[in-house]
Amino acid sequence: MDYVYEFADENTFNFLIDNNIIIKNNDVVEIESTYLEFFEEILSVNEEINTSRINEYIKAISDNIGYYFEENNETRRYFYVGQVRKTINTVSKAVMRNVIDLKRNIDSAYKNEPNFKVKRLKLKKLHEKYEAVSSLIKQCEELTEENKRTFFAVASDELLNAAVSFMKISFNEAYHSLLNINNQIIDYIQKIDYQLNKLKKIRKLKYLRDQFTIEKSTDIYSVINGINPVWMENTVKFKTLVSIEMLRNTDVGLEIIKNVSQKIKNKTRILRKTAEPISEDFFNENTQTEEVFDYIEIKNAFSAQSRDLYSFIGNYNFKKTLQTDEKLLLFCQLATQFGSGFNITEEFQNDGIYSYSLIYPK
């Protein structure tokens, strides 16, 4: 409670409580929910990802399009066009805000939550939010595409066309951000699983040590004795300055001065070697042929079968033999460019070297 008075005096604090602006519960002080929602909306720092509101906006667009075709009065029809335009702009901003909030909440959950199990549960919950936002974007795109040749063609309005263009640009940016968010969630969950596994092993070693059976049950001492990380550290060197009195008054000092003087005289300037002249062949025009992938053809071939993307690339008949790193790069490129047309699941498999997400054609 004492820290509250650093920001406001006691009279101000009591005034805020009396007017229900802040709520005091024992030693906990928090702002009233209505004001909290207002500041979160203004500052765009929502902790909750509100996908239901976007769903309501999409339904409002569909409803207003229906009202437009049922209305005969031109003034009223123009009103519904304005409502559609306004809602489309709102959807674009709401989607981008949700993507930003999702990214911030993911980083906050991973970096600030001390409990590994709770951290993992929060990330799984945020992954569900990621899927919900992706699904709503797809619904909105399908809605505009379905009415492209009807409503958007009949209601020729420059501001409406500008709103649709802005929405498409916003959704494109959101898709790229969501793909990065999905990859980050997967990376964070894998790190947490690795840390949990390590923690289990450490606890087991501690239990064996407490039972005084660690030496008989494990070979930990031989493993530790075989590790020598000290060789990687830099050698510590200490500089000792020569006494001026010794240099002045002793024969040893005089000998040192003579040796240093001789070395200075014997210093020779190192001449830089002149570069060889450029060969005439360098200026000849040489044609290099580089093979590139037909991503559309590969994507269509993948959509025509039922295997996951990683297995499909591993068995695909390319014109040249691909190395493992080239196949991994192609896997990431296809998932990035055509992610909206694939079914990206939460399941993972391991080929013995790499863990990869199971991606199937829709």
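Heads up: take any position in the sequence shown, counting from 1, add 823, and you land on our numbering.
A virtual CB, placed ideally from N, CA and C, is assigned to each residue, including glycine.
Quantities reported herein were computed from a predicted structural model and do not represent experimental measurements.
Helix or strand or just coil, what does DSSP make of residue i?
| i | result |
| --- | --- |
| I844 | coil |
| Q1172 | strand |
| Y1179 | strand |
| Y1133 | helix |
| K1027 | helix |
| I923 | helix |
| I1101 | coil |
| V904 | helix |
| F1116 | coil |
| G1240 | What the structure shows of the chain is the stretch from 824 to 1185, and residue 1240 is not part of that stretch, so it cannot be assessed. |
| P937 | coil |
| A978 | coil |
| N896 | coil |
| Y998 | helix |
| N834 | helix |
| D1010 | helix |
| D1148 | helix |
| D1042 | coil |
| T910 | helix |
| V1053 | helix |
| S958 | helix |
| R1071 | helix |
| T874 | helix |
| A883 | helix |
| N928 | helix |
Take residue i as the anchor and find which of the options has the nearest alpha-carbon.
| i | options | result |
| --- | --- | --- |
| K948 | S1084, N1005 and R972 | N1005 |
| V918 | Q1085, S875 and N843 | S875 |
| I992 | I1025, L925, I1101 and V914 | V914 |
| F1165 | A1124, I846 and D1074 | A1124 |
| L1001 | I1080, K952, L1077 and T1147 | K952 |
| N1003 | E954, N970, Y1030 and V1046 | E954 |
| P1184 | V1053, Q1160, L1157 and S1129 | S1129 |
| I1025 | D1010, T1041 and Q906 | T1041 |
| S931 | Y1030, Q1007, A978 and I1121 | Q1007 |
| S988 | L959, E964 and F836 | E964 |
| Y1133 | T1144, D1104, K1142 and L1152 | L1152 |
| I929 | I960, K971 and D1010 | D1010 |
| Q1018 | Y1030, N938 and E969 | N938 |
| F975 | H950, I888 and I960 | I888 |
| K1122 | T1144, F1154 and S1102 | F1154 |
| Q1156 | N837, E833 and H999 | H999 |
| I1012 | R927, I877 and K940 | K940 |
| I877 | E897, K926 and L959 | L959 |
Tell me which residues share the same chain as residue i and place their Cβ nearer than 8 Å to its Cβ, disregarding the 5 neighbours each side in the sequence.
| i | result |
| --- | --- |
| S885 | L966 |
| N1138 | R1130 |
| R1032 | none |
| I1182 | D1131, L1132, Y1133, A1158, F1165, N1166, I1167 and T1168 |
If you drop the 5 nearest sequence neighbours on each side, which residues of the same chain put their C-beta closer than 6 Å to that of residue i?
| i | result |
| --- | --- |
| Q962 | I881 |
| N912 | A986 |
| L839 | I845 |
| I807 | Past the edges of the chain, shown from 824 to 1185, lies residue 807, and the structure says nothing about it. |
| G1162 | L1002 |
| E853 | I846 |
| V977 | none |
| H950 | I1008 |
| E1038 | none |
Check the DSSP bridge columns for residue i and list the partner residues they point to.
| i | result |
| --- | --- |
| V852 | K847 |
| F1165 | P1184 |
On the criterion of 16 or more Cβ atoms from any shown chain inside 10 Å, does residue i qualify as buried, or is it exposed?
| i | result |
| --- | --- |
| L944 | exposed |
| L1070 | exposed |
| T910 | buried |
| V907 | buried |
| K942 | buried |
| Y891 | buried |
| Y933 | buried |
| N995 | exposed |
| A1098 | exposed |
| F1035 | exposed |
| A1127 | exposed |
| N970 | buried |
| L946 | buried |
By Cβ distance, which residues of its chain are closer than 7 Å to residue i, with the 5 residues on each side in sequence left out?
| i | result |
| --- | --- |
| E894 | R900 and Y903 |
| N843 | E855 |
| I1015 | F939, K942 and R943 |
| I1119 | none |
Please confirm whether residue i has its beta-carbon closer than 8 Å to some beta-carbon of chain D.
| i | result |
| --- | --- |
| K1021 | Chain labels in this structure do not include chain D; a single protein chain is all it has. |
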